[in-house]
Amino acid sequence: MRRLIAILAILNLSSFSIAAPLDTTGDAVVGQPGFSTNDFNHPDGNASSSNLSLSNAAGLAVGPNGRLYVADSDNNRVLSWASAAAFSNGAAADMVFGQPDFLSGDPNHGGVSAGSLNLPQGVWVDDANNLWVTDAFNSRVLKFNNPASDATPTLADLVVGQPDFVSADQNHGNGEHGTHVALADSLQFPGRVFVRGGDLWIADSGNSRVLHYPLPTANEPTADRVFGQYGDFTCRAKNNDGFGNNGSSASADNLYNPIGMVVDSAGRLYLADYLNNRIVRFDNPLTSDTTADAVYGQPNFTSSTPNNGGLAVGLQIPIDLAMDAAGRLIAADASNNRVVVYNSPLTSGAPNVVFGQLGSFLTNSPNHGLGTAATDANGLFGPTGVAVDRRHNVYISDTNNMRALRYDAPFGLPGDMNCDGLINVGDVEPWVLAVLNPSGYAASFPACDMTLGDLNGDGRIDGADVRGLVSAILGPP
């Protein structure tokens with residue numbers, strides 16, 4: 017470590033800055049040629065490789081390899097860009113899933129198959145760069161083996177919720193009528209999928225439940241855990257009253273069409289229970305009961321009104337969730353036309369940062385007051401998707417503006433260990449302190465985010481980050 021400090025000091029490198037902390041202005045956009053347009057399938061209403069037609073709960077994801085995926089729901093496809101961190105405004109996608117080409121957009125093009133989609137909503141990329149897609153109107157979740165290396169990258173390799181790739185029945189034909197028509201291996205209008213290690217989670221939104229599965233290796237796996245339905249895999253009641261019936265009140269045990277979800281580094285499960293206008297947290301979802309342990313956006317578990325307690329603490333149709341390396345919980349608060357960030361979700365139920373409203377927690381107009389027909393790099397209009405990459409960049413599906421936005425390291429620069437907004441040799445000693453004495457670092461730099469020292473995105477700050485630190489100091493070639 018001392019040798020590293022000495023070498024960098026001798027180099028006497030100039031500082032390099034790429035963004036300011038807490039910068040909530042968008043830095044790049046896809047789906048539109050720039051920040052000022054927001055029409056669907058720009059410019060002529062027809063699908064292309066560089067436009068989007070978003071609706072419902074359109075989400076997005078970034079893989080470990082840096083590839084960006086966006087669920088282009090109304091074009092019944094998923095578009096992908098090779099580099100999430102480097103796309104320029106209006107860049108064209110280089111891969112399309114669900115359609116035979118970039119000009120097609122009809123549902124189930126050519127029929128239900130391993131290569132078709134019907135209103136995709138959620139996307140996730142696992143640690144092996146496999147792509148998972150919630151194909152909502154086909155009531156299934158598809159897995160595509162790593163598209164960067166698979167011989168048939170746009171044909172799904174595994175299906176959840178259906179026995180094969182040509183079936184698309186809701187709840188295996190039981191449909192949506194009645195409260196006891198779901199099954200442990202069926203789905204109805206799934207909204208999100210999340211994979212980590214040996215765990216698969218699916219927000220089975222139409223059945224008002226969230227399912228957990230051991231990571232499947234064959235089609236039509238059976239869930240082993242259900243949230244929102246008191247342990248009953250056959251029930252699809254909205255706000256289950258405890259007896260399997262549709263209820264009139266929220267509780268710590270029920271859900272009402274949940275969509276977004278994320279699991280933190282300790283295994284806690286967070287769910288965006290969107291029609292209850294809240295986020296709920298389960299502290300031990302795989303080893304304890306299925307009763308929620310904390311709630312955000314509501315003063316208690318039985319309340320569900322929009323913006324309860326005011327805009328500063330309330331939520332209105334929260335749809336998607338993400339979490340960064342520092343443990344910040346990021347939520348797409350769709351009907352408030354904003355994305356809110358909880359810096360310390362384990363200790364505080366009030367958000368600390370807001371995107372889309374020029375920093376104000378007291379407004380919720382589309383595009384911070386510009387209206388529905390005009391936007392800019394600061395505006396949001398019904399955002400439904402959030403993601404964070406290993407470079408600490410934030411991404412938002414700005415659905416009603418028909419675009420996806422990138423915010424370059426809005427909470428700080430990877431490598432900026434003294435929080436001065438610059439990356440230079442002055443960050444080396446704080447970085448070494450963070451490695452050798454984390455508590456000492458926290459005491460010396462209480463306002464800094466220690467996770468910015470994780471330059472390779474592996475969740476640790478150690479010698480493996482040295483190369484990344486040097487690269488950050490040197491800056492782009």
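Per our numbering, the sequence shown runs over residues 17 to 493.
Quick reminder that beta carbons are idealized off the backbone N, C-alpha and C, glycines included.
Exercise for the section: Report the rounded CA-to-CA distance for Thr195 versus Asp424, giving the unit in angstroms. Expected result: 45 Å
Problem - For Arg252, the three-state DSSP class (helix, strand or coil) - result: coil
Problem - Residues of its chain near Asn54, where Cβ-Cβ distance is below 6 Å and the 5 sequence neighbours each way are ignored - result: Thr391, Asn417 and Met418
Problem - Helix, strand or coil at Ser413 [DSSP, three-state] - result: strand
Handout entry: Beta-carbon proximity list for Gly401, same chain, < 7 Å, skipping 5 on both sides
Key = Ala74, Gly75, Leu76, Asp336, Ala348, Ile412 and Ser413
Practice task
Tell me, please, whether the segment 289-299 touches the segment 312-319 by the rule of three or more beta-carbon pairs shorter than 8 Å.
Solution key: Verdict: yes, contact present.
Practice task
For my contact list, Gly121 and Ala172 are in at a C-beta cut-off of 8 Å; report their separation, rounded to the angstrom.
Solution key: Not quite, the Cβ-Cβ distance comes to about 19 Å (not below 8 Å), so this is no contact.
Problem - Best match in Pro232, Val157 and Gly189 for proximity to Gly114 [C-alpha to C-alpha] - result: Val157
Exercise for the section: Would you kindly work out how many angstroms separate the C-alpha atoms of Thr12 and Arg406, rounded to a whole number? Expected result: Residue 12 lies beyond the stretch modelled for the chain, which goes from 17 to 493, so this question has no answer here.
Problem - Given 8 Å, three or more beta-carbon pairs between the segment 239-248 and the segment 268-275 - result: yes
Exercise for the section: Quick one: grab the DSSP three-state call for Met418. Expected result: coil
Exercise for the section: Pull up the distance between the alpha-carbon of Asn28 and that of Asn440, whole angstroms please. Expected result: With a pLDDT of 44 at Asn28, under the threshold of 50, the modelled position of this residue cannot be trusted; read the value that follows with caution. If I take the Cα positions, the gap works out to 9 Å.
Exercise for the section: Note down the Cα distance separating Asn124 from Gly138, rounded to an integer number of angstroms. Expected result: 17 Å
Practice task
Have a look at Thr467 and Asp90 and give me their C-alpha separation to the nearest angstrom.
Solution key: 37 Å
Problem - Nearest-angstrom Cα separation, counted from Gln314 out to Ala308 - result: 13 Å
Practice task
Answer with buried or exposed for Gly47, where buried requires no fewer than 16 other C-beta atoms within 10 angstroms of its C-beta.
Solution key: buried
Practice task
Apply the 10 Å Cβ neighbour rule to Asp88 and answer buried if 16 or more other Cβ atoms are within range, or exposed otherwise.
Solution key: buried
Handout entry: Between the CA atoms of Ser381 and Ile333 - distance to the nearest angstrom
Key = 14 Å
Handout entry: Residue span of the beta strand (DSSP E) that contains Arg406, given as start and end
Key = Neither: Arg406 is in no beta strand (DSSP E) and is coded neither H nor E.
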